[in-house]
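Q:
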Amino acid sequence: GQGCTAYDVAVNSDFYRRMQNSDFLRELVITIAREGLEDKYNLQLNPALKSLT
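If you're matching positions, the sequence shown starts at 33 in my numbering and goes up one per residue.
1. Spatial neighbours of L57 within its chain, please: C-beta separation below 7 angstroms, excluding the five flanking residues on both sides.
2. Where A42 and V61 are concerned, what is the direct C-alpha to C-alpha distance, given to the nearest angstrom?
3. By the three-class DSSP mapping on this structure, what secondary structure does V61 have?
4. Which residues bound the alpha helix (DSSP H) around D46?
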């Protein structure tokens, strides 16, 4: 397979639990994190690919 680059984003554990119960909060955090990474590293990330594990 091909190599890839992964980026980790830290989220407060209490807020993470709140995100698990709210589609809105989860999507908001993913969007903010993706846009922040794109701006900081001059990237264009695929918005369809995401993971919260």
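C-beta atoms are modelled at their ideal positions from N, C-alpha and C, and glycine is treated no differently.
A: On the basis of the coordinates in this document:
1. For the purposes of this step, residue 57 is taken as the residue at position 25 of the sequence shown. Excluding residues within five positions, the ones whose Cβ falls inside 7 angstroms are R50 and M51.
2. For the purposes of this step, residue 42 is taken as residue 10 along the sequence shown, with counting starting at 1. For the purposes of this step, residue 61 is taken as residue 29 along the sequence shown, with counting starting at 1. Between A42 and V61, the C-alpha separation is close to 11 angstroms.
3. Residue 61 sits at position 29 when you count from the first residue of the sequence shown. Helix.
4. In the sequence shown, residue 46 corresponds to position 14, counting from 1. Per DSSP, D46 belongs to the alpha helix (DSSP H) from S45 to Q52.
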